[in-house]
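> Chains as they are written, first to last, in the numbering used here: chain A, 158 to 540; chain B, 109 to 498; chain C, 1289 to 1625.
First the structure, which I've put down as structure tokens, then a few questions once you've had a look.
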């Protein structure tokens, strides 16, 4: 069998119980949303029609699910065979990031019972970037499940089917690299329609490139983060060596991202806006500071060597990229009129519920299915 | 103004021993009617009931001054409207109670006899009488287009104004020229103030003017010996301080966009706003919607009967602007409930939301700190990075 | 609160400066702008003629069968019975708002004055909403140019609400089966040759309907006329023989809102106070849709790039997989992820 194995731990732990409770609360409010409408549960308004459900659950949530995609690029496009141990956990994270991102999208839709219209060819409007995003996202979610299928088949010992699937897996792996390249960049293109409403600190023709590269970075950062947390939480052998190796790549790519971003800002002559002293300016600097911190940590040998520093670096990179998306979608946006928005408590609980579900499912799956490597080397039968 | 304190007036004492006694003999106003009327007048002017009592006292005081009433270029409509009031009979009030010593139309005598009487009264009460003018004064060609007893109206007014304690111009004609001053104004008709520029003339415009506005002003002057608060055209503010548009009973229809488009159409029959058929209410200052005319109840004014106001009190509107042309809306600031440009909308952070986010942040930071501490304790395992170089 | 706050003016100003200062080469990737249809219909809103009577708001509600909007914070004032929309919403397709400054004594004066503005869909020549809708629920009529909405196609993603540079489309959040709402130029009346309800009922001719060509000529006449001269302002529809509103030409701000904004719109505004004071957003002349479509088509035209990329990736991945298989020897197939 492969080096991966299910983690033999109890499914019911304080952590999973708390997460389950949060999930139930979240789904309760989601039910209210279906019965009473979006206005009854969220603080969405005409100035901010997209709130945290769209921004966090979909845009950020799917980017957090780019672990599989990022690792696939490294392993298949750049022959990074050493990173094999990290691919299954990454895939798992992606699976739930996208599936639940899709669920969040579905329930955020104002006319969700007509959502199937996006699949009907006579309704296709190819000029719309959202159209491409919707179809790509759906397709990629399917691809992720297909990519994960061998793991399930391995667990249930349906090996003949598994072998058949693996003959054609290269198609799906290729799609698994192509589709996120398409839709994660399109997430950036979505903002091109904002034109005058998006602050020039974020609005640029290079938005698709910046979004797709930061999605790849988020994928790596998530993999690093997950690997560190899981190995420490379950007392598994550390993957720090791999993480350390990965972080050098990540450091360079992050630096390139920053360079592109700043070169574009300077070229357009809009850096003065960063000194306006308003909320947008402050968030812009925090965002950049987080990226720079990650770059500094990952490009110094001492940073890479230290587990703590590496972990903080991953957190900083995640924070920076998450903030970048939040800023580009919401904080950098100046709606027409005089609008304020802050999520309501039910709205927050739904997001927290969905994130909790992602974490919960991840924990359940690593315990039920052969995802993590290094399990067999450590404790096997502890309760 | 607020109602008076209870201790201010003792109505029983005001009414006297016999409230139903007619003041000037039979057919005249009773004391009760006078006091009630003056209280109403005081209320209209925004004064207290105590002031109303003082007015009643002043009105019948033996020391009250007489009123001399002159007519120029006019239709006598203002006097006629005075005579059409019934609660109480105003002419009784004015003629019997206040002592209208000379009135061109109403005096019993005629000719030289009437004019001699007028001069006698003016001499006798010199410096004390109130002069009321009705009608415009022609000034063109030496003012020959209106002469009474061989004298031009202009001269008559100047002569009478000399000994007058106060001058009140009733009606639009006396206030600013009225209908005869409409283009091309062949007689050079002007209001009384232009004839006697040196003396304050209180204008009570209207076509006709409301008799209650006149009476209230006269009573005020009699009582307080000074004119009431006036606007920049010397019109009493209590009556002419607001646009008709601000008091009109059809204003809700204007605000909701319901207009009559033609006389007799569905909207007109429903009593919708008459702005679109030319109502000049939005640019006319007067209190017609509040007090009406003719004492026949609520709605007894042009708009109330279904015809647009034509702006009879305003010298730039009445007899100048076409009847069915749209009025300039002199709306003072729109009501505060009118939706504002850039009004703040949407919800800011609630306490609950801030608390939830704080909790999430706290948990994340706490868990992270625990993890970092764990890492710092040094986990020894086969893949420790210190043994392998990146 | 009623004035454009300094922050908003600063933001608008910065956006304006930044956008105009940005090199146009950066947006050369945009596709060519769309042309206006020669038979396009439009509207001229003259803020100086508007008296804030809200007849157009009432008529629009009646003509489009929209329910009343009774804001809770006004219920003391309107006794829960009176439609008093404060802004566009899922139930209000057209609204009149007031700009007030200082003492607000004089109409159409910027300082210590007030002015009215009518807000609804501007029916852009190159609409963002039509471009961004994934299911084509927003459509622009090729002849009249009216931008219409089909609630049966709509999935409620609210991208149109998010993208519109003028803040027009509204989603009815209060309704679990809410729809997107926006002015559709009373197209159900236009097809019978009638005039949109707001223009039909306007007493002063502030809302005036007509072909865009006629509107442009009328606008030019008014702006070039000398202030103070009397003018017969048409009412209802340009070219109809309704009695005009005789009034005098005011001191217009010498600009037309909608001439170039966002690639041009079919509803144009003229006013006596600067447009930002009326809450009309400063929008650059390149249509946002032109840029987003330009970028998207450059990357995805005919799906050429994705297909080539897929082919390349498939080959690469296959090779790596085979390589790994060959290198590692007869390993069980379970090794591959």
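Backbone N, C-alpha and C fix where the C-beta goes; we use that ideal spot for every residue, glycine too.
Spell out whether any CB of chain B is found under 8 Å from the CB atom of residue 1309(C).
Any reading at residue 1309(C) must be qualified, since the residue scores a pLDDT of 36, below 50, and its modelled position is unreliable; the value itself is stated next. Residue 1309(C) does not count as touching chain B.
> What residues from the stretch 1369 to 1394 of chain C come within 9 Å of chain B, judged by C-beta to C-beta, listed N to C?
1370, 1371, 1372, 1373, 1374, 1375, 1383, 1384, 1385, 1386, 1387, 1388, 1391, 1392, 1393
> For the stretch 1393 to 1479 of chain C, list the beta strand (DSSP E) runs that are entirely contained and at least 3 residues long, ordered along the chain.
Qualifying beta strand (DSSP E) stretches, in chain order: 1401 to 1407, 1426 to 1428, 1435 to 1437.
> If we ignore side chains and look at the alpha-carbon of each, how far apart do residue 372(B) and residue 1490(C) end up?
Straight-line Cα distance between these residues: approximately 20 Å.
> Quick one: which residues of the stretch 443 to 463 of chain B get their C-beta closer than 8 Å to a C-beta of chain C? List them in chain order.
From the stretch 443 to 463 of chain B, only 445, 446, 447, 448, 449, 450, 451, 452, 453 have a Cβ closer than 8 Å to chain C.
> Check residue 297(B) in the structure and name its three-state DSSP category.
strand
> Apart from the five residues just before and just after residue 1419(C), which ones in its own chain have a Cβ nearer than 7 Å to its Cβ?
1577, 1580, 1581
> Apart from the five residues just before and just after residue 1542(C), which ones in its own chain have a Cβ nearer than 7 Å to its Cβ?
Here the set comprises 1511.
> Give the single residue among 1445(C), 1429(C), 1425(C) whose Cα lies nearest to the Cα of residue 1438(C).
1425(C)
> Which residues in chain C sit within 9 Å of residue 269(A), going by Cβ to Cβ distance?
1443, 1444
> Tell me, please, whether the CB atom of residue 439(A) is closer than 8 Å to any CB atom in chain B?
no
> Using the beta-carbon of each residue, which ones in chain C are nearer than 9 Å to residue 366(B)?
1343, 1346
> Contact criterion: CB-CB distance below 8 Å. Does residue 1551(C) meet it with respect to chain A?
Among the residues facing chain A, residue 1551(C) is not included, as its CB has no counterpart in that chain under 8 Å away.
> Once DSSP output is grouped into helix, strand and coil, what is the label at residue 181(B)?
Correct three-state label for residue 181(B): strand.
> Is there a Cβ of chain B sitting closer than 8 Å to that of residue 1491(C), yes or no?
yes
> Please confirm if residue 484(B) has its CB atom under 8 Å from at least one CB of chain A.
Residue 484(B) counts as touching chain A.
> Examine chain A for any beta-carbon lying closer than 8 Å to the beta-carbon of residue 1314(C), and answer yes or no.
In this predicted model, residue 1314(C) has a pLDDT of only 44, less than 50, meaning its place in the structure is not dependable; the value taken from the coordinates is given anyway. At a cut-off of 8 Å between C-beta atoms, residue 1314(C) counts as an interface residue with respect to chain A.
> Distance cutoff 8 Å, beta carbons only. Does residue 428(A) sit that close to anything in chain C?
no
> Name the chain B residues that come within less than 8 Å of residue 472(A), Cβ to Cβ?
476
> Name, in chain order, the residues that DSSP records as bridge partners for residue 1334(C).
1558(C)
> Taking all protein chains shown into account, do 16 or more other C-beta atoms lie within 10 angstroms of the C-beta of residue 428(B), making it buried, or fewer, making it exposed?
Residue 428(B) is exposed by the Cβ-count criterion.
> Determine the chain A residues that contact residue 1462(C) at a beta-carbon separation under 7 Å, and present them in chain order.
194, 196
> Shortest alpha-carbon distance to residue 348(A) belongs to which of 489(A), 334(A), 239(A)?
489(A)
> Residues of chain B with CB under 8 Å from residue 495(A), in chain order?
For residue 495(A), the C-beta contacts it makes with chain B under 8 Å involve 450, 451, 452, 453, in order along the chain.
> To be precise: take each residue of the stretch 387 to 412 of chain B, compare its Cβ to all Cβ atoms of chain C, and keep it if any distance is under 7 Å. Which residues remain?
none
> Do the stretch 361 to 368 of chain B and the stretch 377 to 390 of chain B touch if we need at least three Cβ pairs shorter than 8 Å?
yes
> Mind pulling the chain A residues with CB within less than 7 Å of residue 468(B)?
509
> Report the neighbours of residue 1405(C) on chain B: residues whose CB is nearer than 8 Å to its CB, in chain order.
Proximity of chain B to residue 1405(C) at the Cβ level (cut-off 8 Å) is accounted for by 449, in chain order.
> Got a sec? Which residues, its chain only, sit under 7 Å from residue 1441(C) by beta carbon, not counting five neighbours each side?
1423, 1424, 1425
> Taking 8 Å as the cut-off, does the stretch 1459 to 1476 of chain C touch the stretch 1397 to 1416 of chain C (at least 3 CB pairs, one atom from each stretch)?
yes
> Taking 8 Å as the cut-off, decide whether the C-beta atoms of residue 1396(C) and residue 1561(C) are in contact.
Contact flag set, yes.
> Name, please, each residue of chain B whose Cβ falls closer than 7 Å to the Cβ of residue 1533(C).
434
> Using the three-state DSSP reduction, which class does residue 1304(C) fall into: helix, strand or coil?
Residue placement at residue 1304(C) cannot be trusted, given a pLDDT of 43 that sits under 50; what the coordinates show is reported in the next sentence. Of the three classes helix, strand and coil, the one that applies to residue 1304(C) here is helix, per DSSP.
> So does the stretch 490 to 509 of chain A actually touch the stretch 199 to 209 of chain A, counting three or more Cβ pairs closer than 8 Å?
yes
> Hey, which unbroken runs of the alpha helix (DSSP H) at 4 residues or more fall wholly within the stretch 207 to 269 of chain B?
219 to 232
> Assign residue 1525(C) to one of three DSSP states: helix, strand, or coil.
strand
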